[in-house]
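Here the sequence shown is numbered in full-length UniProt numbering, starting from 3 and rising by one per residue. Okay, structure first, notes after.
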Amino acid sequence: MTKNIIAIDGPSGVGKGTLAQWLACKTGFHFLDSGAIYRSLAYGVIADGIDLQDVAALSELAKTLPVEFKATSILYKGDDITSKVRTEDVAAVASKVAAIPEVRQALLERQKAFAQEPGLIADGRDMGTVVFPEAPVKLFLTASAEIRAERRVKQLKNQGNDANIAQIIQDIKARDERDANRKTAPLKPADDAMLIDTSDLSIDEVCQKAESILWEKG
Ligand code: C5P
């Protein structure tokens, strides 16, 4: 176990994944993409046709989730699902199952187990508040839903996909609403988190800002 943990939380599309990966490269720390765990669970729920009301079946799957992270790939029962979990449909199911306390509890130890030497960069919604409240550095990224949607549209277009900005804004707002208003581990900054508004910043500027905060914290 390590005490060198940098917790990075915030809503979707805010740049925390890119920042977390950049910091992991720079520091040589391990990287936890906790959203990928919830997305993998959602993938399994959809594949197995589990009813979203069936809390026992959902928590059983969460406890035994057959997912492995290999470098940048996500394997589910050995199959590569890396790109399959990146759809908004999977994200929407992820945010629904993520609101269930039994599911979150079932995934807690699995996330904590990522905290290995030399350190961990943990990306999610409740890294600083619930999973690693002891983290000495906590960053909370924000940006308006409209700006996050524009970034998503650009990303989809670069991948050669169609994108409907109005639909994307609606999806992002619905997911923010669910994530921020759930009773267990809602999306919110820890009391000791440093806030970074990324609305008007390039990803390089976000990384520089985070790095200067890390320097200040020593
Ligand atoms: O970060 P990402 O968009 O991949 O997360 C997908 C969904 O998983 C989020 O909308 C949220 O509902 C859930 N999640 C969570 N707690 C985390 C990470 C993700 O509830 N630590």
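Ideal Cβ placement from N, Cα and C applies to all residues, glycine included. Since we're looking at a predicted model, the values are computed, not measured.
The DSSP-derived three-state label of Leu158 is helix. Relative to the non-hydrogen atoms of the ligand C5P, the Cβ of Ala93 comes within a distance shorter than 7 Å of at least one. Here Ala49 is exposed: its Cβ has fewer than 16 other Cβ atoms, across all protein chains shown, within 10 Å. Between the region 183-198 and the region 111-131, the count of C-beta pairs closer than 8 Å reaches three or more; the two stretches touch. Gln118 counts as exposed, since fewer than 16 other C-beta atoms from the protein chains shown sit within 10 angstroms of its C-beta. In terms of CA proximity to Leu67, Ala108 leads the group Lys98, Ala100 and Ala108. For the ligand C5P, a non-hydrogen atom lies closer than 7 Å to the CB of Ser97. From the listed residues Ile102, Asn160, Asp56 and Ser204, the smallest Cα separation to Ala145 is found for Ser204. Here Phe31 is near Asn6, since their CB atoms are less than 8 Å apart.
Look at Met129: its beta carbon is less than 7 Å from one of the heavy atoms in the ligand C5P. In the three-state scheme derived from DSSP, where H, G and I count as helix and E and B as strand, Ala9 is classed as strand.
For the options Asp178, Ile170 and Ile215, the alpha carbon positioned closest to that of Thr89 is the one of Ile170. Under the three-state reduction of DSSP, Leu63 is assigned to helix.
For a cut-off of 8 Å, the C-beta gap from Lys98 to Leu63 is around 14 Å, too long to register as a contact. The Cβ-Cβ distance between Ile76 and Val87 falls below 8 Å.
By the Cβ neighbour-count rule, Ala73 is exposed, with fewer than 16 other Cβ atoms within 10 Å of its own. Just measuring C-alpha positions, the residue of Asp181, Trp217 and Asp35 sitting nearest Leu122 is Asp35. Within the model, the alpha-carbon separation for Ile215 versus Gly51 is close to 45 Å.
Asp193 and Ala137 have their C-alpha atoms roughly 12 Å apart.
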